[in-house]
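The block underneath contains the structure these notes are about, expressed in structure tokens.
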Amino acid sequence: MSAARIPLAIPNVGSGEARNLQKCVDDNWVSSVGPFVSEFEERVGDLSGTPRGVAMGAGTLALHMSLHCLGVGADDLVILPSFTFIASANSIAHAGARPWFIDIDPGSWSLDPAAVRAALEAHTQRRGEDLIHKPSGKRVAALMPVYTLGTPADMDAFGAIAKEYGLPIVADAAAAIGVDFRGRPIGEMADLTCYSFNGNKTITCGGGGMVVGRDPELLQKIKHISTTARVQPNYDHDAIGYNYRMTNLQAAVGCAQLDRLEDFIAVKRRIRTRYDEAITEIPGISAFPLPEDRGSTCWFSGFLVDDPALPRPPEICAELAKQNIEARIFWKPVHLQAPYMDCPCEDQSTAEALWDRIVTLPCSTMLTASDQDRVINAVRAIISGK
Ligand SMILES: *Cc1c(COP(=O)(O)O)cnc(C)c1O
Numbered sequence: 255m256s257a258a259r260i261p262l263a264i265p266n267v268g269s270g271e272a273r274n275l276q277k278c279v280d281d282n283w284v285s286s287v288g289p290f291v292s293e294f295e296e297r298v299g300d301l302s303g304t305p306r307g308v309a310m311g312a313g314t315l316a317l318h319m320s321l322h323c324l325g326v327g328a329d330d331l332v333i334l335p336s337f338t339f340i341a342s343a344n345s346i347a348h349a350g351a352r353p354w355f356i357d358i359d360p361g362s363w364s365l366d367p368a369a370v371r372a373a374l375e376a377h378t379q380r381r382g383e384d385l386i387h388k389p390s391g392k393r394v395a396a397l398m399p400v401y402t403l404g405t406p407a408d409m410d411a412f413g414a415i416a417k418e419y420g421l422p423i424v425a426d427a428a429a430a431i432g433v434d435f436r437g438r439p440i441g442e443m444a445d446l447t448c449y450s451f452n453g454n455k456t457i458t459c460g461g462g463g464m465v466v467g468r469d470p471e472l473l474q475k476i477k478h479i480s481t482t483a484r485v486q487p488n489y490d491h492d493a494i495g496y497n498y499r500m501t502n503l504q505a506a507v508g509c510a511q512l513d514r515l516e517d518f519i520a521v522k523r524r525i526r527t528r529y530d531e532a533i534t535e536i537p538g539i540s541a542f543p544l545p546e547d548r549g550s551t552c553w554f555s556g557f558l559v560d561d562p563a564l565p566r567p568p569e570i571c572a573e574l575a576k577q578n579i580e581a582r583i584f585w586k587p588v589h590l591q592a593p594y595m596d597c598p599c600e601d602q603s604t605a606e607a608l609w610d611r612i613v614t615l616p617c618s619t620m621l622t623a624s625d626q627d628r629v630i631n632a633v634r635a636i637i638s639g640k
């Protein structure tokens with residue numbers, strides 16, 4: 255009999271989630287308004303250091319609403335790292351704009367502030383209030399750093415750039431809920447910060463997202479536009495609205511998950527530390543970066559294949575699959591994806607040298623120590639060819 259399957263990253267739901275869902279059924283609050291939605295918005299706003307949150311049906315929708323309500327639209331560019339999940343770029347396209355791809359910092363795998371500054375200096379000029387990207391004639395409308403692996407980008411540097419160039423920051427913090435940046439909660443670091451509660455994120459609602467931010471008026475606008483722009487109590491609508499709401503069922507799961515967030519992050523960090531210790535002992539591979547000056551949810555664990563003589567990540571994943579261990583390659587940069595090949599793009603040497611050397615390893619919060627040993631031993635055997 256083969257050993258039990260070890261999945262890559264699966265949700266951890268239990269009796270607390272079941273209890274909250276039962277309450278929704280008992281009280282008949284199952285749709286897009288309900289006490290769990292308000293509770294979830296308040297609690298996520300609080301832990302982010304912001305006045306409130308606005309719940310959405312998905313992280314992608316949270317990003318789209320953020321850009322839309324900041325006035326990002328047609329003929330605009332949004333600065334984005336190419337090394338991200340494609341949803342970040344899709345949210346920009348949904349707003350009618352295009353991404354302008356800038357490389358990542360190898361020490362955090364997040365948008366590189368020095369590269370952003372250099373690109374802004376070389377390729378933009380002021381025209382009245384607007385910052386114009388000279389090669390395309392488009393307006394540069396926002397910065398979108400991505401908190402890769404649940405680790406914030408260098409938000410002190412981006413805060414300075416944003417101020418100097420008059421650009422709002424919409425942070426894609428999909429899996430970074432609950433972390434701090436140099437001792438401050440991450441919601442303080444950007445105009446708007448967006449989370450995802452998809453099944454593989456730090457906490458899940460089944461699916462869902464949230465926007466948090468510093469400006470209560472902007473958050474109120476986001477709430478209004480994302481809920482059909484209805485002026486109560488009748489069917490009056492003062493703008494083109496969207497139906498991007500989260501349901502009370504999703505929020506019920508989210509509230510129960512929030513109770514466990516600290517534990518989840520502690521477990522993810524323990525898993526990550528254990529892998530990193532083992533990986534640094536194996537010649538030819540290295541650990542993912544983990545900057546010491548900021549928090550991280552340690553969303554994913556895994557390793558980089560440094561030695562070109564070793565098997566490539568797809569072969570390593572196939573070998574692990576034979577032993578019932580689910581490992582995966584990671585994001586292919588967005589400038590290499592069909593819908594975004596024609597976007598303005600700066601040098602991507604870090605992203606290009608990185609992405610196809612990554613293997614992600616099982617890191618669910620239910621992963622046991624003996625399962626993790628099995629993964630580590632299997633990796634060691636494959637890499638050392640035994
Ligand atoms: C998951 C993810 C998203 C999208 O979130 P959804 O809830 O799946 O729409 C956006 N950006 C990043 C970096 C993600 O990991």
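If you read the sequence shown in our numbering, its first letter stands for residue 255, the second for the next number, and so on. All residues carry an ideal CB built from backbone N, CA and C; glycine is no exception. Predicted model, so just to flag it, every value in this text is computed and none were measured.
Following the DSSP letters along the chain, one finds Ala407 in no alpha helix (DSSP H), marked with neither H nor E.
Shown here for Asp384: same chain residues with a beta carbon closer than 7 Å to its own, the five before and five after excluded, namely Arg393 in chain order. In this structure, the straight-line span from the alpha carbon of Arg380 to that of Ala369 is close to 19 Å.
A buried status is given to His318, since no fewer than 16 other beta-carbon atoms sit within 10 Å of its beta-carbon. Residues Ala581, Arg582, Ile583, Val613 of the same chain have their beta carbon placed closer than 7 Å to that of Cys571, with the five preceding and five following residues left out of the count. Three or more beta-carbon pairs separated by less than 8 Å are not found between the segment 293-305 and the segment 582-598, which leaves the two stretches without contact. Going by beta carbons, Cys278 and Asn488 fall outside the 8 Å limit. For the pair Gln511 and Ile457, the CB atoms are nearer than the 8 Å cut-off. According to DSSP, residue pairing for Ile358 in a beta bridge involves Leu365. Taking 7 Å as the cut-off, the C-beta of Phe435 does not count as close to any heavy atom of ligand 1. C-alpha of Leu515 to C-alpha of Leu615: approximately 21 Å in a straight line. Remark: the shortest separation between the CB of Ser342 and any heavy atom of ligand 1 falls under 7 Å. Under the DSSP assignment, His387 falls in the beta strand (DSSP E) whose first and last residues are 384-387. Taking a C-beta distance under 8 Å as the contact criterion, Cys323 and Ile479 qualify as a contact pair. In this structure Ala430 touches Gly404 by the C-beta definition: roughly 5 Å separates them, less than 8 Å. For Val400, the closest C-alpha among the options Leu446, Ile494, Leu374, Gly437 is that of Leu446.
Taking C-beta atoms under 8 Å as the contact rule, Ser450 and Ala483 fail to qualify, at a distance of about 24 Å.
For Asp366, the closest alpha carbon among the candidates Ala372, Ala373, Ile358 is that of Ile358.
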